[in-house]
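Residues 1 to 249 (full-length UniProt numbering) are what the sequence shown spells out, left to right.
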Amino acid sequence: MRNTVNILGIPIDNVSMDEALNVVKGFLSEDRVHTVYTPNSEIMMAAQRDPELKKILCEADLLVPDGAGVVLASKINGCPLKERVAGFDLTNMLFSDEAAKAVNFFFLGGKPGVAEEAYKNLLDRKININVVGIRNGYFTKDEEEEIIRQINDSNTDVLLVALGAPKQEKWIHANKEKLKVKVCIGVGGTFDVLAGRAKRAPVFFQKHGLEWLYRLYKEPWRFVRMLDLPRFILRVIANKIRPEKPERA
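Spelled out as structure tokens, the structure:
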């Protein structure tokens, strides 16, 4: 039975990082496709404007709080989540886990060459995962069937999709019935960081929930997008004071 916390109509799994890893490993023993998404405040707010995205998040097999804002929202609601579970960290823990030696991975997304660099850097760090296929994220609708065939023929267990949110979530949802994999995870900019093309915030910023501030400093052009962070918290507070009526089925 899943333990979830409802935040603006979206059920976030109340799990620690270790628990989330164990859930994903459990998915690997089941013969069906499982979806794992890692929403932050921006994605949670986008889902309030986009009913399709909200439905997709609600139907995930595992939905973890990638941002400190999501954890803060749970505290405002009086049902605190255990901790932030960053998608980048969860993916890297899966790579390093002993069980990963028997797992096949497929990297889908990123600019041409980025996923290859990410894999090479992992191997250089002695993280010897089995990557059975790589495809960049620059493809047309007409190429999707061939990409899905390539994924299925590769005998992969875990499909990592780095197309950016919400495109990656919508792509996984639209194609999950065609995929012969066990786990699909939306991983955002993970390949860029692993390839050395982008840097995460220093540990101080990560521990204090200030990655958004570091990102804004490095990429000031993101200012308009980041306005969704205070909008999200204000909406949570407003909903706490005057709860929104549940949507009719």
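Backbone N, C-alpha and C define an ideal beta-carbon position, used for all residues, glycine too.
Tell me, which residues are paired with residue i by DSSP?
i: residue 183; result: 34 and 158
i: residue 135; result: 108
i: residue 130; result: 104
i: residue 62; result: 36
Assuming residue i is part of the alpha helix (DSSP H), what are its boundary residues?
i: residue 89; result: 87-96
i: residue 1; result: Residue 1 -> no alpha helix (DSSP H), and no H or E assigned at all.
i: residue 74; result: 68-76
i: residue 254; result: What is shown of the chain runs 1 to 249, which leaves residue 254 out entirely.
i: residue 200; result: Note, residue 200: premise wrong, no alpha helix (DSSP H); not H, not E.
i: residue 143; result: That residue, residue 143, is in no alpha helix (DSSP H); it is neither H nor E in DSSP.
i: residue 235; result: 228-241
i: residue 117; result: 114-124
i: residue 169; result: 167-175
How far does the beta strand (DSSP E) with residue i in it extend, from its first residue to its last?
i: residue 10; result: 10-13
i: residue 193; result: First-last for residue 193: 190-194, but that is the alpha helix (DSSP H), not the beta strand (DSSP E).
i: residue 7; result: 4-7
Could you check if residue i is buried or exposed, using at least 16 other CB atoms within 10 Å of its CB as the buried criterion?
i: residue 14; result: buried
i: residue 123; result: exposed
i: residue 249; result: Residue placement at residue 249 cannot be trusted, given a pLDDT of 47 that sits under 50; the coordinates are not used to answer.
i: residue 78; result: exposed
i: residue 243; result: exposed
i: residue 140; result: exposed
i: residue 1; result: exposed
i: residue 204; result: exposed
i: residue 63; result: buried
i: residue 113; result: exposed
Whole-angstrom Cβ separation of residue i and residue j, contact assumed at under 8 Å?
i: residue 89; j: residue 17; result: 6 Å
i: residue 42; j: residue 229; result: 7 Å
i: residue 142; j: residue 21; result: Not a contact, Cβ separation roughly 37 Å.
Whose C-beta lies closer than 6 Å to the C-beta of residue i among residues of the same chain, with five residues either side of it excluded?
i: residue 73; result: 7 and 236
i: residue 137; result: 109, 110 and 163
i: residue 152; result: 180
i: residue 118; result: 191, 194 and 195
i: residue 49; result: none
Kindly list the residues whose CB is nearer than 7 Å to the CB of residue i, restricted to its own chain and excluding five residues on each side of it in sequence; keep chain order.
i: residue 172; result: 35, 161, 184 and 186
i: residue 69; result: 40, 41, 229, 232 and 233
i: residue 4; result: 11, 12, 13 and 14
Between which residues of its own chain and residue i is the CB-CB distance below 8 Å, once the five residues before and five after are set aside?
i: residue 182; result: 27, 28, 30, 31, 32, 33, 34, 157 and 158
i: residue 76; result: 233, 236, 237 and 240
i: residue 154; result: 104, 106, 132 and 133
i: residue 99; result: 25 and 28
i: residue 144; result: 175
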